[in-house]
Every structure is written in C-alpha cells, then in structure tokens.
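Novice: Numbering-wise (full-length UniProt numbering), the sequence shown opens with residue 1 and increments by one. No residue lacks a Cβ here, since even glycine has one placed at the ideal position from N, Cα and C. The structure presented is a predicted model; accordingly, all values stated were derived computationally and were not measured.
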Amino acid sequence: MKTFPMFLQMAGRRVVIAGGGEQAAQKSRLILKTEAEIVLLAQGEIDEELRGLIDGGRIRLDRTPVTPDHFRGAALVFIATGCPGMDAALHALSQEAGALTNVVDRPDLCDAITPSIVDRDPVVVAIGTEGTAPVLARQIKTRMEEMLEPRLGDLAALVGRLRGAAAQRLGPRQRRDLWRWVFSGAPRDAHARGAEREAAELIKAAINTGEFAAPQAAPVSLVGAGPGSRDLITLRGVQRLQEADIIFYDRLVDPELLELARRDAERVFVGKAPGAHSWPQDRINGVLVAAAKQGKRVVRLKCGDPGVFARGAEEAQALSAAGIAFEIVPGVTAASAAAACTGTFLTERGKTDTLVLSTGAMRDGAELPDWIAHLTAGTQIGIYMGVGAAQRIQAALDTCGFADEVEAQIVSKAGYAEQRAVTCAAQDLARTIREADLPNPAIIFLRRASGAAGDASVDAGAERRAK
Ligand code: SAH
C-alpha cells in the first residue's frame with residue numbers, strides 16, 4: 001500500500017479550502033458532511049453555491065493574502081483554484097506549514113487522496129485504488145450502495161446509544177451474539193422497512209431480558225428480477241437475494257443476477273429448460289413451502305414483476321395455506337421495459353389514456369381474453385406471451401371491424417443487448433412475426449390511435465377532462 005486509509009477526527013477542527021470555483025465547491029460539499037469548520041481562501045470571484053454557504057454562515061471566507069499561517073494547524077487542506085500555477089504556489093505554502101494537503105488533479109502533490117465514499121453516517125465505507133482504477137472504485141461503490149440499506153446508519157447510531165446499557169447487563173460473549181442478531185435478524189429487517197420504533201423496542205427488550213434467540217421467520221419473498229439485464233432489478237430485490245439461503249428462479253431470469261446472492265446460497269432452477277418439461281406449478285408451490293418450513297430464507301425470483309402473468313398468486317396462496325408469510329418485491333414488468341427500450345411511453349396524456357395488459361397464453365382450450373372490447377381509441381394493449389398466439393390475435397382483430405386503425409408493435413428481448421422492435425399494421429401481425437424472426441421473449445403492443453376515424457369516445461373524453 002502506497003497510501004493508508006484512516007478516518008480523520010473532524011469535529012471542532014478546521015479544514016482550509018483554497019479556491020472559489022466549482023472544484024472548491026465540490027470539496028466544500030464533501031467536508032460539509034463532517035463537523036469541521038471550513039475556511040475558504042479565495043481572492044477573485046466566488047461560485048454561487050459557495051456564496052450561499054458563506055452567507056449562511058456554513059463557511060468562513062478569508063480574503064487576506066495567503067501565507068503559511070493560513071494552513072498551520074488545519075486538519076486538512078484542499079487546494080482547488082482550478083489554476084495549475086496558483087495551485088502549485090499554494091501547495092508550497094501549505095507544505096511549509098506542514099499541513100496534510102490534497103491538490104485537485106495533482107496526485108503527485110497530494111499527501112492525502114479522497115476516496116470514493118459510501119455514506120451511511122456513522123457507517124462510512126471509503127474505497128481507494130491509489131489512482132489506478134477510478135472506474136473500478138465507482139463500480140465497487142455502486143455495489144456497496146446496493147448492499148447497505150439507506151437507513152443502516154441510523155440503526156448503527158441507535159446501537160451506539162444502547163452499547164452502554166448492553167455492557168451493564170450482558171457479558172462480552174452475549175453482547176457479541178446480541179449485536180450479530182441485531183444486524184442480521186429482526187431488528188435490522190424492521191429498521192430497514194422503516195419500523196424504527198419496533199427495532200428499538202426489540203433491541204431494548206433483548207438487552208433487558210438477555211433473550212433474543214430465534215429471529216422471526218422471514219417471509220418468503222416473491223421477487224421481481226426485471227426483464228433481461230441485471231441492473232433492472234430493484235435495490236430491495238438485490239437485498240433479498242443477498243439474504244437468501246435458497247433461490248428458486250425461472251428461465252427468463254438473467255443468470256448474472258444469481259451472482260449477487262451469497263456464494264453458499266442454493267440456486268434451484270424451476271423453469272422450463274429447452275426441450276424439457278417445465279416444473280408443474282404444484283411442484284413449485286410444494287418446494288417453496290418445504291424450504292420455508294425448514295427455516296430457510298426463501299426467494300422466489302421471477303422475471304419482470306411477480307404480479308404480472310407470473311402465477312405469483314398461486315404461490316402466495318399455497319404459502320398462506322401452509323401458514324407461511326410472503327411478501328412481494330415488485331419488478332420492472334416487460335411492458336415497461338419494452339416501452340423504455342423503444343423510447344416510447346405506455347401512456348401519453350391525451351393520446352394513450354388507457355393501458356391494458358393481457359396475455360396470449362391461456363389454460364388449455366380457453367378463449368383469448370376479450371381485450372378487443374377494451375380497444376377503444378387512445379388505448380394501448382400489451383399482450384404478454386402473445387407470439388405463439390399471433391394468428392389467433394390477428395383473427396380476433398379481423399372480426400372487430402376497425403383492424404385498419406390498429407398498429408402493432410412487437411418488442412423482442414427488451415432489456416437485453418439484442419433487443420429488437422418491429423412495427424406493422426395489425427393485419428400483418430402474424431406474417432411480420434414470422435418473417436422478422438423475432439425471438440422470444442417478446443411482447444406485442446396494439447395501439448388504436450386517439451382520434452381514429454369513426455370513434456367519438458376521444459372527443460367525449462377530452463370534453464370530460466376539460467370540465
Ligand atoms: N412477470 C413477467 C411476465 C412473465 S410472462 C413480467 O412482468 O414481465 C412471460 C412473457 O413476458 C413473455 O412471453 C413475454 O411476452 C414477456 N416478456 C418477458 N420478458 C420480456 C422481455 N425481456 N422482452 C419482451 N417481452 C418479455
């Protein structure tokens with residue numbers, strides 16, 4: 001290590017920032033997070049943001065000609081004038097004063113380098129690469145941001161306040177177990193979901209009674225993985241993955257997402273492998289219940305949103321029937337991802353006021369859902385699992401009498417690198433899908449334009465809105 005990470009004491013100390021522009025403002029922002037007094041050395045014009053901070057009394061401005069005395073005794077000095085010559089001159093003065101100095105964009109002149117910071121004050125993670133790979137530092141920071149829930153700092157602060165009480169009542173070994181439980185069990189879960197008082201009460205009761213054994217069984221999480229690329233999952237979804245002992249996942253779930261899980265977590269594929277039978281739903285329900293009963297933290301990872309054509313309701317029912325709690329962690333559904341990847345909007349004021357989600361995959365022998373009835377002007381219908389039913393969808397449109405007003409769009413593999421979108425007249429849907437060779441998964445949108453000929457409902461709608 002050429003540099004060594006340390007946390008500097010800042011409360012009641014002085015940090016000197018030389019410069020009056022954006023660079024100085026940036027450093028001020030950083031130091032404002034601490035309890036240090038900030039002194040700004042600036043001769044010329046002052047950035048608006050800095051001006052506001054000076055006027056508000058958060059920063060003290062010193063316009064006197066700079067000497068080493070300005071830097072003497074400072075906890076830290078930032079030199080950030082934006083002018084290389086000036087920076088070098090000020091650096092020399094700061095060195096003369098023996099102050100720990102950082103010169104912006106001049107690593108060769110720096111005694112101290114500012115790390116990438118993940119701030120959950122008082123929990124702070126500092127990441128440094130000694131200037132070799134700032135991009136990597138940012139990637140690590142993103143990972144950490146995902147891992148550490150926003151309220152984690154408050155929980156740590158709460159624990160800090162209760163340390164004394166715990167030390168009075170519990171032995172060292174018991175205290176270690178207590179804190180382990182606090183940060184991996186019910187208190188952290190409660191705190192993360194915003195129930196701060198519940199978390200505090202749980203910890204206080206545990207300190208008073210010395211009992212905090214079995215954390216309450218976590219609910220089975222039905223987690224939406226989003227479509228395609230792994231960065232479309234929610235932070236909550238990532239958290240559940242990281243906590244899971246066992247993950248049951250589907251075919252359309254990006255395998256890279258599973259890498260976010262703990263290394264020792266079990267991963268069970270319950271989808272349909274090409275050429276193989278899919279897992280019957282009853283069997284999936286059965287394994288979810290069995291794993292939860294073994295006390296495992298179970299994640300059921302589904303592509304898109306677990307509440308949209310994902311048979312989530314059936315799994316939830318099976319869990320409830322077995323007395324097991326469940327939660328739903330929503331995800332980006334295919335319709336949202338498909339619209340986003342084509343730069344379109346699922347609804348548009350005055351143009352698409354109604355959105356219908358439907359499916360082309362029905363129970364054996366069942367009719368297609370009657371979405372034709374919804375296909376009024378200004379409506380967009382997203383049909384999931386519709387590619388195999390394209391012929392039937394087209395036939396349904398053929399009988400409706402306004403097929404020529406309907407535009408179809410097929411979006412294949414939204415969110416994947418190889419995403420594609422093709423638009424055609426609704427009457428050409430089946431042929432277009434065949435000829436364009438659009439691979440699954442794909443979603444079909446049908447849009448009946450607002451103001452389409454022969455439809456009065458738009459005008460009526462506009463009138464209603466105007467009132
Ligand atoms: N729960 C999922 C839907 C599962 S049903 C969700 O909310 O998105 C599977 C169907 O979803 C596919 O047949 C296809 O119609 C659609 N789908 C899933 N991922 C998709 C993607 N990346 N691009 C386009 N459509 C997708």
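If we ignore side chains and look at the alpha-carbon of each, how far apart do LYS296 and ARG143 end up?
Specialist: Near 25 Å, if we compare the C-alpha coordinates of ARG143 and LYS296.
Novice: Between ALA192 and LEU301, what straight-line distance do the alpha-carbon atoms span, to the nearest angstrom?
Specialist: Roughly 21 Å separates the two Cα atoms.
Novice: Quick one: grab the DSSP three-state call for MET1.
Specialist: Note: MET1 maps to coil in three-state DSSP.
Novice: Ignoring anything shorter than 3 residues, give me the beta strand (DSSP E) runs that lie fully in the region 374-456, in order along the chain.
Specialist: Within the region 374-456, the complete beta strand (DSSP E) runs of at least 3 residues are 379-384, 406-412, 420-425 and 442-448.
Novice: What do you reckon, is the C-beta of LEU252 under 8 Å from a heavy atom of the ligand SAH?
Specialist: Within the cutoff, so yes.
Novice: Could you please give the first and the last residue of the uninterrupted beta strand (DSSP E) stretch that includes LYS302?
Specialist: That run of the beta strand (DSSP E) goes 298-302.
Novice: With respect to 8 Å, is the separation between the Cβ of MET385 and the closest non-hydrogen atom of the ligand SAH below this value?
Specialist: Yes, the Cβ of MET385 comes within 8 Å of a heavy atom of the ligand SAH.
Novice: Does the distance between the C-beta of GLN419 and the nearest non-hydrogen atom of the ligand SAH fall short of 8 Å?
Specialist: Because some heavy atom of the ligand SAH lies under 8 Å away, the Cβ of GLN419 counts as near it: yes.
Novice: Would the beta-carbon of LEU222 fall within 9 Å of that of ALA316?
Specialist: Taking 9 Å as the Cβ cut-off, LEU222 and ALA316 qualify as a contacting pair.
Novice: Keeping to the same chain, check which residues put their C-beta closer than 8 Å to that of ASP69; ignore five residues upstream and five downstream.
Specialist: These residues qualify, in order along the chain: ALA97.
Novice: Once DSSP output is grouped into helix, strand and coil, what is the label at ALA340?
Specialist: In the structure shown, ALA340 sits in a helix (DSSP, three-state: H, G or I).
Novice: Do three or more CB pairs link the region 354-368 to the region 421-436 at distances below 8 Å?
Specialist: No, they do not touch.
Novice: With a threshold of 16 other CB atoms inside 10 Å of the CB of ASP108, please say whether the residue is buried or exposed.
Specialist: Under this definition ASP108 is an exposed residue.
Novice: If MET385 and PHE309 are in contact, beta carbons under 8 Å, what's the gap, nearest whole angstrom?
Specialist: Going by Cβ atoms, the distance from MET385 to PHE309 rounds to 7 Å, so yes, they are a contact pair.
Novice: At which residue ranges does the region 17-102 contain complete beta strand (DSSP E) runs of 3 or more residues, listed in the order of the chain?
Specialist: Whole beta strand (DSSP E) segments, 3+ residues: 37-41, 59-62 and 76-79.
Novice: Any idea what DSSP makes of ARG151, helix, strand or coil?
Specialist: ARG151 falls in the coil class under three-state DSSP.
Novice: What residues are listed by DSSP as bridge partners for VAL15?
Specialist: In the DSSP output, where bridge partners are listed per residue, VAL15 has ILE38 and LEU76.
Novice: Starting from THR114, trace the beta strand (DSSP E) both ways and give me its first and last residue.
Specialist: THR114 -> no beta strand (DSSP E), and no H or E assigned at all.
Novice: From the DSSP output, in three-state form, read off GLU327 for me.
Specialist: GLU327 falls in the strand class under three-state DSSP.
Novice: Looking only at C-alpha atoms, which of ILE79, GLY415, TRP179 and ARG447 sits nearest to LEU429?
Specialist: Of the listed residues, the one whose Cα sits closest to LEU429 is ARG447.
Novice: Where does VAL118 land, buried or exposed, given buried means 16+ other C-beta within 10 angstroms?
Specialist: It counts as buried.
Novice: What is the DSSP secondary structure of ARG311, counted as helix, strand or coil?
Specialist: Note: ARG311 maps to coil in three-state DSSP.
Novice: Closer than 8 Å to a non-hydrogen atom of the ligand SAH - does that hold for the CB of VAL308?
Specialist: Yes - the ligand SAH has a heavy atom lying nearer than 8 Å to the Cβ of VAL308.
Novice: For LEU232, which residues from the same chain have a beta carbon less than 6 Å from its beta carbon, with the 5 sequence-adjacent residues on both sides left out?
Specialist: Correct list, in chain order: GLY226, VAL332 and GLY415.
Novice: So, are the CB atoms of PHE78 and ILE140 less than 9 Å apart?
Specialist: Result no, Cβ atoms of PHE78 and ILE140 do not sit closer than 9 Å.
Novice: Whose C-alpha, out of GLU435, ARG251, GLY164 and VAL159, is nearest the C-alpha of ASP121?
Specialist: Comparing Cα positions, the closest option is VAL159.
Novice: Starting from the N-terminal side, write out each stretch of the alpha helix (DSSP H) that is 4 residues or longer and does not extend beyond the region 227-289.
Specialist: As far as the region 227-289 is concerned, its whole alpha helix (DSSP H) runs of at least 4 residues are 235-243.
Novice: Keeping to the same chain, check which residues put their C-beta closer than 6 Å to that of SER412; ignore five residues upstream and five downstream.
Specialist: These residues qualify, in order along the chain: ARG420, LEU438, PRO439 and ALA442.
Novice: On the three-state DSSP scale, how would you describe THR132?
Specialist: In the structure shown, THR132 sits in coil (DSSP, three-state: anything other than H, G, I, E or B).
Novice: Which residue comes first and which comes last in the alpha helix (DSSP H) that contains ILE372?
Specialist: Neither: ILE372 is in no alpha helix (DSSP H) and is coded neither H nor E.
Novice: Secondary structure at ASP177, three-state DSSP: helix, strand or coil?
Specialist: Here ASP177 sits in helix by DSSP.
Novice: Is the region 159-170 touching the region 199-210 in the sense that three or more CB pairs, one from each, lie closer than 8 Å?
Specialist: They touch, by the three-pair rule.
Novice: For VAL223, which beta-bridge partners are listed by DSSP?
Specialist: Paired residue(s): LEU301 and VAL329.
Novice: Between ALA218 and the ligand SAH, is the CB less than 8 Å from at least one heavy atom?
Specialist: No, since every heavy atom of the ligand SAH falls outside the 8 Å radius drawn around the Cβ of ALA218.
Novice: Compare the Cα-Cα distances from ALA436 to each of ILE410, SER28 and ALA417 and report the closest residue.
Specialist: The shortest Cα separation from ALA436 among ILE410, SER28 and ALA417 belongs to ILE410.
Novice: Start and end of the beta strand (DSSP E) containing LEU355?
Specialist: That run of the beta strand (DSSP E) goes 354-359.
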